[in-house]
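Protein chains in written order, with the working numbering: chain A, 1 to 140; chain B, 1001 to 1140.
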DNA sequence: GCTTGCTCCTCTAGTCGCTAGAGGAATTAG
DNA sequence: CTAATTCCTCTAGCGACTAGAGGAGCAAGC
């Protein structure tokens, strides 16, 4: 069984060394076995698992979700409804965030469009910030 | 001069009490004067300033930007170019975030669309997460 | 005057997902 | 054998709060 050190795992999975230790501490990676000199050793399964984690993080899944996805991935006979549900929740979350940001975008654009590059005294941006009533959004 | 307590300021500006203290500590609000019993007292100007801060936060400006905007708002004769620049930077930031989220959204949607509700063994979601090569995005 | 209950005070720690740095030990290359 | 590199643990920091402990001040009702 060939084993690799944490730096090599870091390179193979494109995850920084301290992040790997952080994932171990958070229980996403099993506690690594150690050499005599107390250094962590890893194998091919760890590379796969860490790549899975990294990819899920890139897609914006949070650590709790990833923990659940990893657990599920280890039970290949179970129906994938739970996996689906996690992804669906995440999609809904992303949609929410896009919607909120799109609203903000419209506000900021509108402020900028109204600003006529004069003095701060008559700057619409400052006025809108100062007086909520002047503003487009109503969500409070 | 009528003064109000922190709880009343909290209600009038819709900002929670600990958050007001936090803003004071971060220098967005001046250090409040105190009663004999060491309680903070506020006036109308504080209500206006805090509402400005809250509104800017709702629009997603970060505290450093708000600090700058508050400074600028106090110099009404200056040209509003700097105000504009801050808002413009913020707009660009929001656009970035929307773009990234839109990319993620497409990924997640595509995974979900490919999942045929079978077992985890053949779940496309798990497969895509496990193998980066299967994935749409290329940004790494 | 006294108690009850609310508001306020300070201080610390927790959230999320890392990242950075200190200070030291182990390994590897030359 | 030494120098460079990699690794170890531990602590603290980011942003913008939020939550809670433990205690003091204050207004209203009896």
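Think of the CB as a built atom: it goes at the ideal place given N, C-alpha and C, for glycine as much as any other residue.
Since we're looking at a predicted model, the values are computed, not measured.
On the CB-based measure, 16 or more other CB atoms within 10 Å of its CB, does residue i come out buried or exposed?
i, result
"residue 1/A", "exposed"
"residue 37/A", "exposed"
"residue 1118/B", "exposed"
"residue 122/A", "exposed"
"residue 1040/B", "buried"
"residue 1049/B", "buried"
"residue 1113/B", "exposed"
"residue 139/A", "Low local confidence applies: a pLDDT of 45 at residue 139/A is under 50, so the model's placement there is unreliable, and no value is given."
"residue 96/A", "exposed"
"residue 1054/B", "buried"
"residue 71/A", "exposed"
"residue 44/A", "exposed"
The alpha helix (DSSP H) with residue i in it runs from where to where?
i, result
"residue 1125/B", "1124 to 1130"
"residue 1014/B", "First-last for residue 1014/B: undefined, no H or E at that position."
"residue 1116/B", "Unbroken run through residue 1116/B: none, as it is neither H nor E."
"residue 1004/B", "Looking at the DSSP string, residue 1004/B is not in any alpha helix (DSSP H), and its letter there is neither H nor E."
"residue 1069/B", "1063 to 1073"
Give the single residue among the options whose Cα lies nearest to the Cα of residue i.
i, options, result
"residue 77/A", "1107/B, 1113/B, 1072/B, 1120/B", "1120/B"
"residue 1129/B", "9/A, 66/A, 45/A", "66/A"
"residue 73/A", "1009/B, 1131/B, 1110/B", "1131/B"
"residue 1056/B", "40/A, 107/A, 61/A", "107/A"
"residue 1059/B", "8/A, 103/A, 116/A", "103/A"
"residue 79/A", "1017/B, 1087/B, 1126/B, 1093/B", "1126/B"
"residue 1091/B", "87/A, 109/A, 95/A, 91/A", "109/A"
"residue 1116/B", "115/A, 93/A, 101/A, 82/A", "82/A"
"residue 1052/B", "1101/B, 1014/B, 1005/B", "1014/B"
Quick one: Cα of residue i to Cα of residue j, how far?
i, j, result
"residue 69/A", "residue 1012/B", "45 Å"
"residue 1021/B", "residue 1034/B", "13 Å"
"residue 1023/B", "residue 1029/B", "6 Å"
"residue 98/A", "residue 3/A", "43 Å"
"residue 26/A", "residue 63/A", "9 Å"
"residue 42/A", "residue 32/A", "7 Å"
"residue 1084/B", "residue 124/A", "10 Å"
"residue 1105/B", "residue 1018/B", "36 Å"
"residue 7/A", "residue 61/A", "25 Å"
"residue 1009/B", "residue 1111/B", "49 Å"
"residue 1016/B", "residue 47/A", "46 Å"
"residue 93/A", "residue 1005/B", "38 Å"
"residue 1087/B", "residue 75/A", "50 Å"
"residue 1100/B", "residue 100/A", "14 Å"
"residue 1089/B", "residue 89/A", "31 Å"
Have a look at the DSSP bridge pairing and note the partners of residue i.
i, result
"residue 1033/B", "1041/B"
"residue 76/A", "DSSP, once it has assigned bridges, lists no residue as partnering residue 76/A."
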